[in-house]
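Chemist: In the numbering used here, the protein residues as written are 589 to 958.
Built from N, CA and C at the ideal position, the CB exists for glycine as well.
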Ligand SMILES: *Cc1c(COP(=O)(O)O)cnc(C)c1O
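1. When you compare only the Cα positions, how much space is there between residue 940 and residue 929?
2. Given a cut-off of 8 Å on the beta-carbon distance, is the pair residue 827 and residue 846 in contact?
3. From the DSSP output, which residues share a beta bridge with residue 643?
4. Leaving out five residues on either side along the sequence, give the residues of the same chain with a beta carbon under 7 Å from the beta carbon of residue 899.
5. If you reduce the DSSP assignment to three classes, tell me which class residue 631 lands in.
6. Determine contact between the region 881-893 and the region 902-917, defined as no fewer than three beta-carbon pairs at a distance below 8 Å.
7. Does the separation of the CB atoms of residue 747 and residue 741 fall below 8 Å?
8. Taking DSSP as the reference, what is the three-state secondary structure of residue 934?
9. Look at residue 796 and residue 613 and say whether their C-beta atoms are less than 8 Å apart.
10. Which same chain residues, not among the five before or five after residue 609, have their C-beta less than 7 Å away from its C-beta?
11. Return the first residue and the last residue of the alpha helix (DSSP H) that residue 730 is part of.
12. In the DSSP output, what is residue 786 paired with across the bridge?
13. May I ask you to verify whether the region 770-785 touches the region 810-818, counting CB pairs closer than 8 Å and requiring at least 3?
14. Indicate, with yes or no, if ligand 1 has a heavy atom lying under 7 Å from the CB of residue 719.
15. In the DSSP assignment, find the unbroken beta strand (DSSP E) run with residue 906 in it and report its ends.
16. Taking a contact to mean a Cβ-Cβ separation below 8 Å, would you say residue 755 touches residue 720 in this structure?
17. Work out the CA separation of residue 834 and residue 842 for me, nearest whole Å.
18. Quick check: is any heavy atom of ligand 1 less than 7 Å from the C-beta of residue 622?
19. Pick helix, strand or coil for residue 818, following the three-state DSSP scheme.
20. Where residue 771 and residue 762 are concerned, what is the direct C-alpha to C-alpha distance, given to the nearest angstrom?
21. Can you grab the Cα-Cα spacing for the pair residue 653 / residue 800, in whole Å?
22. Just to confirm the assignment, what range does the beta strand (DSSP E) spanning residue 595 have?
23. If you pair each beta-carbon of the region 724-733 with each one of the region 701-711, do three or more pairs fall below 8 Å?
24. Thinking just about the alpha-carbon of each residue, which of 625, 619, 745, 726 is nearest to the one in residue 679?
25. Any heavy atom of ligand 1 inside 7 Å of the beta-carbon of residue 807?
26. Straight-line CA distance for residue 945 to residue 838?
27. Buried or exposed: which applies to residue 673, given that a residue is buried once 16 or more other Cβ atoms fall within 10 Å of its Cβ?
28. Our contact map puts residue 655 next to residue 636 with C-beta atoms below 8 Å; I'd like the distance itself, whole angstroms only.
29. Mind reading off the beta-carbon distance from residue 690 to residue 658? Whole number of angstroms is fine, and I expect it under 8 Å.
30. Using three-state DSSP, classify residue 897 as helix, strand or coil.
31. Could you check which residue in 660, 591, 617 has the C-alpha nearest to that of residue 802?
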């Protein structure tokens, strides 16, 4: 069988192994695998299954629509969603047995009303803002909302199973300040009469570097895909295996004279007589144009640099005198253990983070899970 023209090949074995590795590091009772944004581009359903196989207890997504898709595909594990449509009534979420992150008082009222209509109490994770300035209850509202939650529990409308927050990762000191604030919220929740079984704060970075933030459960995202959340430490150094390899077939090869300009605006010219290889990947496929003249491309056992501007559908590699031919595979990134550049290399070339590199891979690129 021939390989897809453009392929993001995903190793599900790597995802399972990464979950196992991170679970061992965390040492927590529970571990959530986060598969939002189509599993950071790796396929949400496939990634969720691989993560559960690797020892995750539950799955986290951003939206309910992502949770519905997992349920429709037969994923029966506990699912938590925390980004909601402002006018959601939450009946469909509860019918699909989706746990809900709740971030403000009025949202809690709507979830409780849905819980009253449903056959079982809504399973709620209260989100508190401990300093990230994004989603979550403000400290001034904690006592009032915790008391309201206790009343809803008493009436059988909800069950508060979790209390959670999210770190900024700015510095160890900043993270520890958030840990202290989170502990204050947990104490207030307890005083109000909530018996929360899962406190959770750490995503991948804090799971590895801030043991104080691990509590009862960690929420593992980027790490399960084998990517490092740190600038100063590679995935390989963390014992993680990158799960995605992005490649395409070379669709044209031409021999050109010295000083041949390449692609829009002629930002690149060949130094001498040379061979140009054309790769059918561009910003339409999520390959950032910011990596023009910089992004690494592996062909055979050599790594080259993108020549000239990355276009919507294509990029060019100057392979010099190397015997590259049509049909050879150009690997943009993968597992560095195979010699491939890393998603982090592309992030550096594009001025962004590895998260964005894998998550933005577009719909024309065929995902395979061999
Ligand atoms: C995305 C997300 C995570 C996972 O973060 P990583 O850095 O990818 O591990 C965890 N918790 C929340 C609330 C998130 O939005």
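Modeler: Considering the structure as presented:
1. Against the chain shown, residue 940 aligns to sequence position 352. Against the chain shown, residue 929 aligns to sequence position 341. About 16 Å.
2. As a working note, residue 827 is residue 239 in the chain shown. As a working note, residue 846 is residue 258 in the chain shown. No, the pair does not count as a contact, with Cβ atoms beyond the cut-off.
3. Residue mapping note: residue 643 aligns to position 55 of the chain shown, counting from 1. Partner(s): none; residue 643 has no beta bridge.
4. For the purposes of this step, residue 899 is taken as the residue at position 311 of the chain shown. Excluding positions up to five away in sequence, the list reads 851, 852, 870.
5. Translated into the one-based positions of the chain shown, residue 631 becomes position 43. In the structure shown, residue 631 adopts coil according to DSSP, grouped into three states.
6. Yes, they touch.
7. In the chain shown, counting from the first residue as 1, residue 747 sits at position 159. In the chain shown, counting from the first residue as 1, residue 741 sits at position 153. Yes, the Cβ-Cβ distance between residue 747 and residue 741 is below 8 Å.
8. Here the question's residue 934 lines up with position 346 in the chain shown. Note: residue 934 maps to helix in three-state DSSP.
9. Numbered from its first residue, the chain shown carries residue 796 at position 208. Numbered from its first residue, the chain shown carries residue 613 at position 25. Taking 8 Å as the Cβ cut-off, residue 796 and residue 613 qualify as a contacting pair.
10. For this step, residue 609 is matched to residue 21 along the chain shown. Once the five neighbours on either side are set aside, the close Cβ partners of residue 609 are 827, 828.
11. Start at 1 with the first residue of the chain shown, and residue 730 comes out as number 142. Its alpha helix (DSSP H) spans residues 730-742.
12. Sequence index remark: in the chain shown, residue 786 carries index 198 (1-based). DSSP output for residue 786 lists 750 as bridge partner(s).
13. Output reads no: the region 810-818 does not touch the region 770-785.
14. For the purposes of this step, residue 719 is taken as residue 131 along the chain shown, with counting starting at 1. Not so, every heavy atom of ligand 1 lies at least 7 Å from the Cβ.
15. Translated into the one-based positions of the chain shown, residue 906 becomes position 318. Element bounds for residue 906: 903-908.
16. Here residue 755 corresponds to residue number 167 of the chain shown, with the count starting at 1. Here residue 720 corresponds to residue number 132 of the chain shown, with the count starting at 1. In contact: residue 755 and residue 720 (Cβ atoms closer than 8 Å).
17. Sequence index remark: in the chain shown, residue 842 carries index 254 (1-based). Sequence index remark: in the chain shown, residue 834 carries index 246 (1-based). Their backbone Cα atoms lie some 23 Å apart in a straight line.
18. Sequence index remark: in the chain shown, residue 622 carries index 34 (1-based). The answer is yes for residue 622.
19. By one-based count along the chain shown, residue 818 stands at place 230. Under the three-state reduction of DSSP, residue 818 is assigned to coil, being neither helix nor strand.
20. In the chain shown, counting from the first residue as 1, residue 771 sits at position 183. In the chain shown, counting from the first residue as 1, residue 762 sits at position 174. Rounded to the nearest angstrom, the two C-alpha atoms are 14 Å apart.
21. Position 65 of the chain shown, counted from the first residue, corresponds to residue 653. Position 212 of the chain shown, counted from the first residue, corresponds to residue 800. Cα-Cα distance, rounded: 33 Å.
22. For the purposes of this step, residue 595 is identified with residue 7 of the chain shown, where counting begins at 1. Looking at the DSSP string, the run of the beta strand (DSSP E) that includes residue 595 is 594-598.
23. Between the region 724-733 and the region 701-711 there are fewer than three C-beta pairs closer than 8 Å, too few to call the two in contact.
24. Counted from its first residue, the chain shown places residue 679 at position 91. Taking only the C-alpha atoms, the option nearest residue 679 is 745.
25. Numbered from its first residue, the chain shown carries residue 807 at position 219. Checking the 7 Å criterion, the Cβ of residue 807 is within range of a heavy atom belonging to ligand 1.
26. Position 357 of the chain shown, counting from 1, holds the residue named residue 945. Position 250 of the chain shown, counting from 1, holds the residue named residue 838. Going by the C-alpha atoms only, they are around 21 Å apart.
27. Along the chain shown, read from residue 1 onward, the residue named residue 673 stands at position 85. Exposed, since its Cβ has fewer than 16 Cβ neighbours within 10 Å.
28. Taking the first residue of the chain shown as 1, we reach residue 655 at position 67. Taking the first residue of the chain shown as 1, we reach residue 636 at position 48. Not quite, the Cβ-Cβ distance comes to about 10 Å (not below 8 Å), so this is no contact.
29. Position 102 of the chain shown, counting from 1, holds the residue named residue 690. Position 70 of the chain shown, counting from 1, holds the residue named residue 658. In fact, because the Cβ distance is near 20 Å, the residues do not count as touching under 8 Å.
30. Here the question's residue 897 lines up with position 309 in the chain shown. Here residue 897 sits in coil by DSSP.
31. For the purposes of this step, residue 802 is taken as the residue at position 214 of the chain shown. Residue 802 has its Cα closest to that of 617, out of 660, 591, 617.
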